[in-house]
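Asker:
2 protein chains.
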Amino acid sequence: MTEKAFQDYYPDNFSHCYGCGRLNKDGMQLKSYWDGAETVCHFQPRANQTGGFPGMGYGGLIASLIDCHGTATASAAKYRAEGREMGSNPPLRFVTASLKIDFLAPTPLDQVLEVRGKITEIKGRKVIVAATLSAGETLCAKGEVIAVLIPENYMAEK
Amino acid sequence: MTEKAFQDYYPDNFSHCYGCGRLNKDGMQLKSYWDGAETVCHFQPRANQTGGFPGMGYGGLIASLIDCHGTATASAAKYRAEGREMGSNPPLRFVTASLKIDFLAPTPLDQVLEVRGKITEIKGRKVIVAATLSAGETLCAKGEVIAVLIPENYMAEK
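Going down the list, the sequences are from chains F and W. For reference, each letter of the first sequence is one residue, going 1 to 158 in the working numbering. For reference, each letter of the second sequence is one residue, going 1001 to 1158 in the working numbering.
#1: Report the CB separation of Thr1138/W from Gly1057/W in whole angstroms; it is logged as a contact under 8 Å.
#2: Using alpha carbons as the reference points, say which of Ala1097/W, Asn1153/W, Val1115/W lies closest to Ala1147/W.
#3: Can you pull the chain F neighbours of Leu1109/W, defined as C-beta to C-beta under 9 Å?
#4: Taking only beta-carbon positions, decide if Cys1017/W is within less than 8 Å of chain F.
#5: Measuring only the C-alpha atoms, how far is Lys100/F from Ile1101/W?
#6: Is the region 119-127 of chain F in contact with the region 70-78 of chain F, if contact means three or more CB pairs nearer than 8 Å?
#7: Quick check on DSSP: helix, strand or coil for Ala1130/W?
#8: For Val145/F, count neighbouring C-beta atoms within 10 Å of its own C-beta (all shown protein chains included) and say buried if the count is 16 or more, exposed if not.
#9: Residues in the same chain with beta-carbon distance under 7 Å from Glu114/F, minus the five sequence neighbours each way, listed in chain order, please.
#10: Would you mind reading off the limits of the alpha helix (DSSP H) that contains Ile1062/W?
#11: Check Met1155/W in the structure and name its three-state DSSP category.
#12: Please report whether the beta-carbon of Cys1068/W lies at a distance below 8 Å from any beta-carbon of chain F.
#13: Measure from the C-beta of Ile101/F to each C-beta in chain W and report whether the shortest distance is under 8 Å.
#14: Measuring CA to CA, which of Glu1038/W, Glu1152/W, Gly1060/W, Asp1067/W is closest to Arg1046/W?
#15: Does the beta-carbon of Pro1045/W, which I'm using as the reference point, lie nearer than 7 Å to any heavy atom of the ligand SAM?
#16: Pull up the distance between the alpha-carbon of Tyr1020/W and that of Ala131/F, whole angstroms please.
#17: Please report the straight-line C-alpha distance between Gln1049/W and Lys1118/W, rounded to a whole angstrom.
#18: Got a sec: is the Cβ-Cβ distance from Pro1054/W to anything in chain F below 8 Å?
#19: Leu1133/W touches chain F at which residues, Cβ-Cβ below 9 Å?
#20: At a Cβ cut of 9 Å, what residues of the region 1073-1102 of chain W count as close to chain F, listed as they run along the chain?
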C-alpha cells in the first residue's frame, strides 16, 4: 500500500500518541484510510493485550482503537469538508472530548481487527464519529467519539 | 502496604488483563482499594504512554484506568453488598458492558494519577460505577462504567 494514512499527515510534534503516532516506536501506530464515505483501520493485536477473559482483548485496547481512529477520521473529514488537501496548513488535528463504548462481544487477539468510522456531524470545531470494531463477522464493540479541533495557536507554540 | 488489592483476589485464569491483571508481566497491574465508601487506585504512567499532546497521556491509557478500576470496584462492591469476604467462592469477576469518558483536561505523564470510584447502583448482575481521574488538584477525566458479573459457569469452564 503506497497511500498515506491520515496519521501520516499529523505534524511531527503531535505524532507521539501511543495509539496512533507514527513516531512512537513502542506504540500501535494505527493507520486510518478513507473507504468511500466511511473510514477504516486494521490492526493485529499483540499477544499481551489480554483482557479479563483469556485470549480476548482488554478494554483499553478497544477504547484506543476507537478513540484514535475517531480523531483521525475527524481530521480527514474536516479537511474534506473544507475542500483542502490532507496535511495542508494550518494542520487540522483533533483531540477527544468524549468517548462512549458499548462492548458487545469479546474481542479476539488472534486475528486482524477492523475499525470503521462514519461521520455523524461536522459543526464548527466539533466532529462526531460513530465507530464499529469487528473481528471477521463478529461485531465486538460500537462507539462514539466527540472530537474537537486543537486550536491553531496551541499547535504552533509546541 | 500489606493490604491486598481487589485485583489480587481475581482467579488466576482471569488475571491476565493488560490493565489490571497481576499475571500480565507487561501490563500496568493496577491496584484498587477501598477508601471508606469510595475506591481508589494510583498509577504512575509510563513515558511512552503519550497522547496527541506532547507529554500528556493517550486516550487508551485513561480509558483503561477508568475501565479496570471500574470493574474492580464492581467486584469489591458486590462482595461487600453480599456480606462476603473478598475472593470467596464463587468468584465475583466483572466485565464492562459500557464505558463513557469525558476528557476534561490533558492528563500529565510525569506524576502519579489517582482514579476514584463511587458505586452508583448495584442491581442483579449489574454494577454502575462513577469514576474520576485526577493529577494532583486537576480533574482530568470523568467516567462511567457499567459492569456485568461474569456467569459462574463461564468462569468454571475456563
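Just so you know, even glycine gets a beta-carbon here, dropped at the ideal spot from N, CA and C. Computed from a predicted model, the values in this text were never measured in an experiment.
Answerer: With the given structure in hand:
#1: Not a contact, Cβ separation roughly 12 Å.
#2: If we check each option's Cα against that of Ala1147/W, Ala1097/W comes out closest.
#3: What Leu1109/W touches in chain F: nothing, since even the nearest Cβ is about 10 Å away.
#4: For Cys1017/W, a Cβ of chain F is located within less than 8 Å of the residue's own Cβ.
#5: Rounded to the nearest angstrom, the two C-alpha atoms are 6 Å apart.
#6: By the Cβ test, the region 119-127 of chain F is in contact with the region 70-78 of chain F, since at least three Cβ pairs between them sit closer than 8 Å.
#7: Under the three-state reduction of DSSP, Ala1130/W is assigned to strand.
#8: Per the 10 Å Cβ criterion, buried.
#9: For Glu114/F, where only same-chain residues beyond five positions count, the Cβ hits under 7 Å are Val40, His42, Ser134.
#10: It spans 1059-1081 - the alpha helix (DSSP H) in which Ile1062/W sits, taken as one unbroken run.
#11: Met1155/W: helix per DSSP, three-state reduction.
#12: Output row for Cys1068/W: interface = yes.
#13: Answer yes: the Cβ-Cβ gap between Ile101/F and chain W drops below 8 Å somewhere.
#14: Measuring C-alpha to C-alpha distances from Arg1046/W to each of Glu1038/W, Glu1152/W, Gly1060/W, Asp1067/W identifies Gly1060/W as the nearest.
#15: As presented, the structure is devoid of all ligands, the ligand SAM included, so that no description of it is given.
#16: According to the sequence as given, residue 1020/W is Cys; it is not Tyr. Cα to Cα, the separation comes out at about 26 Å.
#17: Here the C-alpha atom of Gln1049/W lies approximately 26 Å from the C-alpha atom of Lys1118/W.
#18: Pro1054/W belongs to the set of residues whose beta carbon lies under 8 Å from a beta carbon in chain F.
#19: Going along chain F, no residue has its Cβ under 9 Å from Leu1133/W, so there is no contact; the nearest lies around 13 Å.
#20: For the region 1073-1102 of chain W, which is checked against every Cβ of chain F, the residues closer than 9 Å are Arg1093, Phe1094, Val1095, Thr1096, Ala1097, Ser1098, Leu1099, Lys1100, Ile1101, Asp1102.
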